[in-house]
Amino acid sequence: MTETTLDIHQILKLLPHRYPFLLVDRVLDMEKGKRITALKNVTMNEPFFNGHFPHRPVMPGVLMLEAMAQAAALLSFRSLDIVPDDNTVYYFAAIDGARFKRPVEPGDQLTLEVEIERMKAGISKFKGRALVGTELACEASLMCAMRQINS
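Going by the working numbering, the letters in the sequence shown line up with residues 29 to 179, in that order.
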């Protein structure tokens, strides 16, 4: 039976990202080949809040997109039964239709919902949404490419 949740230890085995760039804290639910629901707990300790913005801390929109892409990578790896090694990279290939609907602030919990629209030849297209509670914070279509590199 395939696990449908992932804790931080399992996430660290699949994603190469580390502090301050690891933006997925937990996977709540996953259906291989279809969808994932993950969490990012947003705290005042995030390093980007020092400069974005000192008088009103707001999570940068590009980091919400990155969080969705990291959730998409987890979904891809599990869907393809891949445990990436140091030679596996998962790149952004495109971001379309990105819309930002509400600011994300310290204390918010960002729920990342990502669905696979298409997977072919190492390139995948996803539909992603980031929510705070039931409020939509960000949505976009994401395209990512899995590649092997030689160090």
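Glycine included, C-beta positions come from ideal geometry on N, C-alpha and C.
- Each of Leu50, Ile36, Met171, Arg63 was checked against the Cα of Ser107, and the nearest Cα belongs to Arg63.
- When secondary structure is reduced to three states using DSSP, Ile110 falls in the coil class, being assigned neither helix nor strand.
- Spanning the alpha carbons of Cys166 and Ala158 requires a straight line of approximately 5 Å.
- With respect to the 8 Å criterion, Ala66 and Leu43 are not classified as neighbours on the basis of their beta carbons.
- As summarised for the stretch 76-147, the continuous alpha helix (DSSP H) elements at least 4 residues long and confined to that stretch are 89-107, given in chain order.
- When only Cα atoms are considered, Pro134 and Gly61 end up about 32 Å apart.
- Leu164 is bridged by DSSP to Leu159.
- Beta-bridge partners assigned by DSSP to Asn69: Gln137.
- Under the three-state reduction of DSSP, Ile36 is assigned to helix.
- A direct Cα-to-Cα measurement between Lys155 and Thr116 gives close to 23 Å.
- In this structure, the CA atom of Arg175 is about 29 Å from the CA atom of Phe128.
- With respect to the 8 Å criterion, Leu164 and Val52 are not classified as neighbours on the basis of their beta carbons.
- Taking all protein chains in view, the Cβ of Leu93 is crowded by 16 or more other Cβ atoms within 10 Å, so the residue is classified as buried.
- Only exposed fits Ile36, as fewer than 16 other CB atoms lie within 10 angstroms of its CB.
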